[in-house]
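Trainee:
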Amino acid sequence: MAPASSAVTWSAATSLTTSRGFLSSARAGRAKSNSSDAATRMGRTVVRSGNGAMVELDDAGFLATSRASARGVRSAHTVISGGGVVRAPAPVHDERVMNERTHAWLRVRLEALDEPRPPLELIHAVIQHAMTSKNGVAWERLRGEAVSTHVFAVTHDAGVTVGVGQARGSKLLEVVWPSLAGWNPEAARRWAHEAADDRLTLALPPDDAAALLEAVRASPDDDQPRLVFADWLLERGDVHGELIRLQLQEAEGPLPKHAQQRVKAILAADGARIAGALAPYVDEPPFHRGFVERVRMTPEAFTRDGARFFAKYPLRTWVVDDEVLGARAVKHIATAPGLGRVWRMELTQGAERSPLAGLARGRFSGLHALGFRGCGHSGEDWFELFSKLDAPELEHVDFAASYSHPLLLLGLATNPKLTKLSRIDDWALEDLGHEARDTFAAAARALAANRPALKTLILSRSGAHDDEALHPLFAPSSCVELEVFDLDGAGLSDASLRAWQRGGRLGRLKSLSIRDAHFTPQAVAAFIAAGVPPKLEALSLTTHDELRWNSDGIGLIYEALLALPSTTPLKHLSLPPVRRGYDRLWQRVSQRFEVTA
1 MAPASSAVTW SAATSLTTSR GFLSSARAGR AKSNSSDAAT RMGRTVVRSG NGAMVELDDA
61 GFLATSRASA RGVRSAHTVI SGGGVVRAPA PVHDERVMNE RTHAWLRVRL EALDEPRPPL
121 ELIHAVIQHA MTSKNGVAWE RLRGEAVSTH VFAVTHDAGV TVGVGQARGS KLLEVVWPSL
181 AGWNPEAARR WAHEAADDRL TLALPPDDAA ALLEAVRASP DDDQPRLVFA DWLLERGDVH
241 GELIRLQLQE AEGPLPKHAQ QRVKAILAAD GARIAGALAP YVDEPPFHRG FVERVRMTPE
301 AFTRDGARFF AKYPLRTWVV DDEVLGARAV KHIATAPGLG RVWRMELTQG AERSPLAGLA
361 RGRFSGLHAL GFRGCGHSGE DWFELFSKLD APELEHVDFA ASYSHPLLLL GLATNPKLTK
421 LSRIDDWALE DLGHEARDTF AAAARALAAN RPALKTLILS RSGAHDDEAL HPLFAPSSCV
481 ELEVFDLDGA GLSDASLRAW QRGGRLGRLK SLSIRDAHFT PQAVAAFIAA GVPPKLEALS
541 LTTHDELRWN SDGIGLIYEA LLALPSTTPL KHLSLPPVRR GYDRLWQRVS QRFEVTA
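With full-length UniProt numbering applied, the sequence shown covers 1 to 597.
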């Protein structure tokens, strides 16, 4: 190995950053001593690159930093790389990385290599670049007459791993390390966890940033830890702090145009760096309140990395990246380490809707929200899943464009572990059990008996909703007091409106929306005239029979609305269109309320 006091030059070549964010050199000549280009000043060695640029090496052969300010701001230096020059931010000498253990391993490793041997300052530079690059990966190659030497470094949750290897007659990295074939950060991090003599992992102890990040993760709904972290970052010139502050402002209301543009600029320039190890898995929107909160990962990737990611970062949502969700994927999900840290999980299926009941084998101890899109194998599968699901913190279940069944509701209503369930959004694409009226009635009775925490119930596309089946939810004996009730009510008649008012369970209702029911205008007017629920803010009542509603009936509705006390909180209305002869009433109604026809 060339001594640290020797100057080293490389023939000119171009350094570049690939589309994957790796630092690489196109070609590099063989390293050679050139004592005429070296000078020693105050214990430091000055090195000249092939294009004449000068850098200083410290006594150990590492790049000497230029003057750093008293506040510890990282200075810039020149890294000799493949004969060209790469400018990169240089951390002030970091004992966590360049310590005696690292020195000892590098000396032993380099002595075992043939020429060309990389100088220590090049290895240091590669490590530095990996620690500051967007993808956390850096690579440099020295090409000799018969041998190419490769220096490869990757950062990961356990620290940073650096490898030094050689291959004869090949400039390809995967010839040295076959597991790196494919050139992507995921493969690089797998390589970092493989045990081998040609690489060294440097465990980085917790620092201020890690402690501040943990405070954010531990209190995800609290803005204060985020603001403290933002200030710490801004003191060090990191735009991540600015992003946190801007997005916290955005959470309170729309940002001015220039601030919106600034957020876009930060994300374009530094988004991948800020996301760090999460960058390959970022889902839309990429950042919320300054941090990645959603990751899209396959069940296999989550099994490998999910526990570490959710333990370290303020993540909340796992979007399962598998639109088949076959038996193997379901098993991976149910048995994945770290499942208990997931706050929300979202699953999507395509045309082939496989059974999901196997998910019930998992322990979802921290799950608060569960979303499905395009899912629904059968009513029996839904019941098997929800009647056994081990998710004691679950509050919200939503189904978007899925295939529903009353057995789904029955499972949610009868599982003794789902006592905190407060919201069910069932926006069904199709009802698999539209004839299962008795099952829906049983589900309504079970909800009325077992779910006192239920506040929002949204049900669509079912022929099983009729007056008698829904009655238990609003009976005096029901433990449920809904705040939001939204229903495709094709089977409902005036009897439901009368029964709901008599039941006395509408005291907390804030939004009532019944679509396509068989209500008469007289019954709607009577419902309003009797006094709308005291907290009702939004009312939408539409019917299959709107076209047969006469003007006199619609007039009754308008008059009942205008007769409500001014203190009534009702503000939002969705009503049948105005009929001739009631234009003035309509104008008065639309002046008092926000009306959509």
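In this text, a Cβ means the ideal position worked out from N, Cα and C, and glycines have one as well.
1. For Leu457, which beta-bridge partners are listed by DSSP?
2. Pull up the distance between the alpha-carbon of Ala444 and that of Gly411, whole angstroms please.
3. For Glu468, is the classification buried or exposed, using 16 other Cβ atoms within 10 angstroms of its Cβ as the cut-off for buried?
4. Please look up how many angstroms separate the CB atoms of Arg353 and Tyr403, rounded, as I've assumed it's under 8 Å.
5. Compute the beta-carbon to beta-carbon distance between Ala192 and Thr201, rounded to the nearest angstrom, for a pair I have assumed lies under 8 Å.
6. Please state the DSSP three-state secondary structure of Asp197.
7. Determine the burial state of Thr102: buried for a count of at least 16 other Cβ atoms within 10 Å of its Cβ, exposed for fewer.
8. Identify the continuous alpha helix (DSSP H) that holds Trp586 and give its terminal residues.
9. What is the C-beta distance between His518 and His544, in whole angstroms, given that I count them as a contact (C-beta under 8 Å)?
10. Where does Glu121 land, buried or exposed, given buried means 16+ other C-beta within 10 angstroms?
11. Evaluate Gln260 with the Cβ neighbour count: other Cβ atoms within 10 Å of its Cβ, from every protein chain shown; 16 or more gives buried, anything less gives exposed.
12. Which residue wins for smallest C-alpha separation from Trp430, given the options Leu447, Asp488 and Ala475?
13. Closer than 6 Å by C-beta to Ala167: which residues in its own chain qualify, once you throw out the five before and the five after it? Chain order, please.
14. By the 10 Å Cβ neighbour count, where 16 or more other Cβ atoms means buried, how is Glu194 classified, buried or exposed?
15. Can you give me the start and stop residues for the alpha helix (DSSP H) that Ser493 sits inside?
16. What does a CB cutoff of less than 6 Å around Gly338 pick up in its chain, not counting 5 residues either side in sequence?
17. So, at 7 Å on beta carbons, what are the nonlocal neighbours of Val595 in its own chain, with the 5 sequence-adjacent residues on each side left out?
18. For Thr596, does the three-state DSSP call read helix, strand or coil?
19. What do you reckon, are the CB atoms on Asp466 and Leu492 nearer than 9 Å?
20. Within 10 angstroms of the Cβ of Val108, are there 16 or more other Cβ atoms? Answer buried if so, exposed if not.
21. Measuring CA to CA, which of Asn135, Cys479, Arg515 and Leu234 is closest to Glu186?
22. Ignore the nearest five residues each way along the sequence and tell me which others in Leu370's own chain have a CB closer than 6 Å to its CB.
23. Can you round the beta-carbon distance between Pro521 and Ile557 to whole angstroms, since I take them to be within the 8 Å contact cut?
24. Could you tell me whether the Cβ of Asp390 comes closer than 9 Å to any Cβ of chain D?
25. Note down, one range per segment and in chain order, each beta strand (DSSP E) of at least 3 residues found wholly within the stretch 362 to 428.
26. Between Ala401, Thr439, Lys420 and Glu395, which has its C-alpha nearest Leu409's C-alpha?
27. Exposed or buried, which one is Gly531 when buried takes at least 16 other CB atoms within 10 Å?
28. Comparing C-alpha positions only, which one of Arg498, Leu512, Phe152 and Thr132 sits nearest to Leu180?
29. If we count Cβ pairs, one from each stretch, closer than 8 Å, do we get three or more for the stretch 369 to 388 versus the stretch 410 to 428?
30. Just to check my reading of the structure: Phe372 and Asn415 have Cβ atoms closer than 8 Å, yes? What is that Cβ distance to the nearest angstrom?
31. Beta-carbon separation of Arg316 and Pro220 under 9 Å?
32. Please name the residue, chosen from Phe383, Glu395, Leu356 and Cys375, that lies closest to Ser365 on a Cα-to-Cα basis.
33. Can you tell me the Cα-Cα spacing of Val342 and Ser551, whole angstroms?
34. Counting along the chain, where does the alpha helix (DSSP H) carrying Glu140 start and finish?
35. Taking just the CA atoms, how far does Leu418 sit from Phe527?
36. Who are the near neighbours of Asp583 in its chain, counting only those whose CB is closer than 6 Å to its CB and skipping five residues on each side?
Mentor: The structure says:
1. The count along the sequence shown starts at 1 and reaches residue 457 at position 457. Per DSSP, the beta-bridge partners of Leu457 are Ile424 and Phe485.
2. On the sequence shown, position 444 is the one that residue 444 refers to. On the sequence shown, position 411 is the one that residue 411 refers to. Taking the straight line joining both Cα atoms gives about 11 Å.
3. Translated into the one-based positions of the sequence shown, residue 468 becomes position 468. Burial check for Glu468: the Cβ neighbour count within 10 Å stays below 16, so the residue is exposed.
4. The residue given as residue 353 occupies position 353 in the sequence shown. The residue given as residue 403 occupies position 403 in the sequence shown. That belief holds up - the Cβ atoms of Arg353 and Tyr403 are roughly 7 Å apart, short of 8 Å.
5. Within the sequence shown, the letter at position 192 stands for residue 192. Within the sequence shown, the letter at position 201 stands for residue 201. At roughly 7 Å, the Cβ-Cβ gap stays under 8 Å, so Ala192 and Thr201 are in contact.
6. Translated into positions along the sequence shown, residue 197 becomes position 197. The answer is coil: DSSP assigns Asp197 none of H, G, I, E or B.
7. Taking the first residue of the sequence shown as position 1, residue 102 is located at position 102. When all chains shown are included, Thr102 counts as buried.
8. The residue labelled residue 586 in the question sits at position 586 within the sequence shown. Looking at the DSSP string, the run of the alpha helix (DSSP H) that includes Trp586 is Asp583 to Arg592.
9. Stepping through the sequence shown from its first residue, residue 518 is reached at position 518. Stepping through the sequence shown from its first residue, residue 544 is reached at position 544. Between His544 and His518 the Cβ distance is about 6 Å, and since that is below 8 Å, they are a contact.
10. For the purposes of this step, residue 121 is taken as residue 121 along the sequence shown, with counting starting at 1. Classification for Glu121: buried.
11. Your numbering for residue 260 matches position 260 in the sequence shown. Answer is exposed; the Cβ neighbour count stays below 16.
12. One-based indexing of the sequence shown puts residue 430 at position 430. Sequence check: residue 430 is Glu here, not Trp. That would be Asp488, whose Cα lies nearest to the Cα of Glu430.
13. Locating residue 167 in the sequence shown gives position 167, counting from the first residue. Counting only Cβ-Cβ distances below 6 Å, and skipping sequence neighbours, we find Ser148, Val175 and Val176.
14. Translated into positions along the sequence shown, residue 194 becomes position 194. Looking at its Cβ environment, which holds fewer than 16 other Cβ atoms inside 10 Å, Glu194 is exposed.
15. Here the question's residue 493 lines up with position 493 in the sequence shown. Where Ser493 is concerned, there is no enclosing alpha helix (DSSP H), given that its DSSP letter is neither H nor E.
16. Residue 338 sits at position 338 when you count from the first residue of the sequence shown. Closer than 6 Å at Cβ, skipping near neighbours: Gly306, Ala307 and Phe310.
17. For the purposes of this step, residue 595 is taken as residue 595 along the sequence shown, with counting starting at 1. Cβ neighbours of Val595 within its own chain (closer than 7 Å, five residues either side excluded): Leu573, Leu575 and Val589.
18. Mapped onto the sequence shown, residue 596 falls at position 596. DSSP, read as helix, strand or coil, puts Thr596 in strand.
19. In the sequence shown, residue 466 corresponds to position 466, counting from 1. In the sequence shown, residue 492 corresponds to position 492, counting from 1. Inclusion of Asp466 and Leu492 in the CB contact set at 9 Å is warranted, their separation being smaller than that value.
20. Sequence index remark: in the sequence shown, residue 108 carries index 108 (1-based). Val108 should be labelled exposed.
21. What you label residue 186 is simply residue 186 of the sequence shown in a count that begins at 1. Measuring from the Cα of Glu186, the nearest candidate turns out to be Asn135.
22. Position 370 of the sequence shown, counted from the start, is the residue given in the question as residue 370. For Leu370, the CB contacts under 6 Å within the same chain, skipping 5 residues up- and downstream, are Met345 and Val397 in chain order.
23. Within the sequence shown, numbered from 1, the residue matching residue 521 stands at position 521. Within the sequence shown, numbered from 1, the residue matching residue 557 stands at position 557. Cβ-Cβ separation between Pro521 and Ile557: approximately 6 Å, consistent with a contact (criterion under 8 Å).
24. No chain D appears in this structure, which consists of one protein chain only.
25. Correct list: 369 to 373 and 396 to 404.
26. The sequence position of residue 409 within the sequence shown is 409, counting from 1. Taking only the C-alpha atoms, the option nearest Leu409 is Thr439.
27. Counting from one through the sequence shown, the residue named residue 531 turns up at place 531. It counts as exposed.
28. Stepping through the sequence shown from its first residue, residue 180 is reached at position 180. When Arg498, Leu512, Phe152 and Thr132 are compared, the shortest CA-CA separation from Leu180 is found for Phe152.
29. Yes, since at least three Cβ pairs between the stretch 369 to 388 and the stretch 410 to 428 fall closer than 8 Å, the two stretches touch.
30. Looking up residue 372 in the sequence shown gives position 372. Looking up residue 415 in the sequence shown gives position 415. In fact, because the Cβ distance is near 16 Å, the residues do not count as touching under 8 Å.
31. Working through the sequence shown from its first residue, we reach residue 316 at position 316. Working through the sequence shown from its first residue, we reach residue 220 at position 220. Yes, they are a contact pair.
32. Numbered from its first residue, the sequence shown carries residue 365 at position 365. Closest by alpha carbon: Glu395.
33. To locate residue 342, count along the sequence shown from 1; it is residue 342. To locate residue 551, count along the sequence shown from 1; it is residue 551. Distance between the alpha carbons of Val342 and Ser551: 54 Å.
34. Numbered from 1 along the sequence shown, position 140 holds the residue referred to as residue 140. In the DSSP assignment, Glu140 falls outside any alpha helix (DSSP H) and within the unbroken beta strand (DSSP E) covering Val137 to Arg143.
35. For the purposes of this step, residue 527 is taken as the residue at position 527 of the sequence shown. For the purposes of this step, residue 418 is taken as the residue at position 418 of the sequence shown. Between the alpha carbons of Phe527 and Leu418 lies a distance of about 34 Å.
36. The residue labelled residue 583 in the question sits at position 583 within the sequence shown. Around Asp583: no qualifying Cβ.
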